[in-house]
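Mapping of the sequence shown onto full-length UniProt numbering: position 189 corresponds to residue 189, and the numbering continues sequentially without gaps.
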Amino acid sequence: MSENITLYTAGSPNAKKVSIYLELLGLKYNIKTVDMGNNEQKSPEYLALNPNGKVPTLVDSSTDTTISESAAIMTYLSDKYDKDRKFSYEVGTKEYYKQLEIAYFQVGGIGPMEGEAMLYILFSSDDVPVAKERYRNETRRLYGVVEEYLKRNAANSPYFVGDHISIADVCVVTFLPILPRLGIEYDEFPLVRKWLKHMISIAEVVKGFNVPNPPPIWPEL
């Protein structure tokens with residue numbers, strides 16, 4: 001059944017979340033690389049799948065399901081395929097809602113703020129010091145929250161929620177490699193650094209990171 005899954009992806013952190021999760025689940029899937037450089041994500045064919053014109057998008061022909069937004073995709077995959085809840089938590093449990101809390105925190109906080117920091121610090125042709133500092137400092141603050149999440153669950157496991165890896169961990173991990181280039185060092189967050197080192201020791205995480213291509217930067221820990 002899982003061979004009917006197709007992932008439309010590119011080299012973005014959001015897209016890599018889904019490939020990592022698919023690898024953890026051990027699902028076979030087809031990879032369709034979206035050519036962002038040529039705006040393939042805005043083509044009529046792609047917009048028919050995802051009206052927002054972004055990656056990732058997942059198509060599961062076995063259930064006639066087409067879904068976008070990385071956290072929604074992973075929630076779907078966990079509910080459909082993670083029957084033993086090895087990489088998620090049972091609906092209705094406190095751990096289930098906590099993993100969603102952290103996933104949504106990443107989607108609504110880390111992703112946008114880190115994206116703006118990357119724009120002004122790494123890519124913009126205009127030098128805007130106020131914007132650089134504003135988004136660097138907000139990104140740093142958000143990783144302080146990540147550190148606190150890990151601290152609060154430290155008695156249970158090295159992960160964010162409960163006693164095993166979950167959607168929460170996958171949501172955050174793909175945004176870590178770029179931090180040093182933004183002027184934020186891993187040593188500022190000891191628990192995050194330790195957690196990241198553990199995460200990238202997991203073979204499935206590394207394999208998913210490399211879909212559709214390896215990240216341009218890999219954490220040096």
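Every residue gets a Cβ at the ideal spot worked out from N, C-alpha and C, and that includes glycine. What you are looking at is a predicted structure, and each value in this text was computed from that prediction instead of being measured.
Short Cβ contact (7 Å threshold) for residue i with residue j
{"i": "P177", "j": "P215", "result": "yes"}
{"i": "A48", "j": "Q99", "result": "no"}
{"i": "P219", "j": "L196", "result": "yes"}
{"i": "V173", "j": "M199", "result": "yes"}
Cα-Cα separation between residue i and residue j, rounded to whole angstroms
{"i": "A15", "j": "T9", "result": "5 Å"}
{"i": "C171", "j": "E147", "result": "15 Å"}
{"i": "N30", "j": "F175", "result": "24 Å"}
{"i": "Y135", "j": "L182", "result": "10 Å"}
{"i": "R152", "j": "Y159", "result": "10 Å"}
{"i": "E188", "j": "R140", "result": "9 Å"}
{"i": "D84", "j": "F123", "result": "43 Å"}
{"i": "V206", "j": "D127", "result": "35 Å"}
{"i": "M1", "j": "E138", "result": "Its pLDDT being 44, under 50, M1 is placed unreliably in this model, and the coordinates cannot settle the point."}
{"i": "G109", "j": "L142", "result": "7 Å"}
{"i": "T6", "j": "L27", "result": "11 Å"}
{"i": "L221", "j": "P44", "result": "43 Å"}
Sequence-distant residues of the same chain with beta carbon closer than 6 Å to residue i, five excluded per side
{"i": "L24", "result": "F87, E204"}
{"i": "F105", "result": "none"}
{"i": "V34", "result": "Y8, A10, E40, Q41, V55"}
Nearest-angstrom Cβ-Cβ length linking residue i and residue j, presumed shorter than 8 Å
{"i": "S62", "j": "N4", "result": "4 Å"}
{"i": "T65", "j": "Y76", "result": "7 Å"}
{"i": "S12", "j": "G208", "result": "Between G208 and S12 the Cβ distance is about 13 Å, and since that is not below 8 Å, they are no contact."}
{"i": "Y21", "j": "M74", "result": "5 Å"}
Status (buried if at least 16 other CB within 10 Å, exposed otherwise) for residue i
{"i": "K17", "result": "buried"}
{"i": "P56", "result": "buried"}
{"i": "S78", "result": "buried"}
{"i": "D163", "result": "exposed"}
Same chain only: Cβ atoms within 7 Å of residue i, ignoring 5 sequence neighbours per side
{"i": "Y96", "result": "Y89, E90"}
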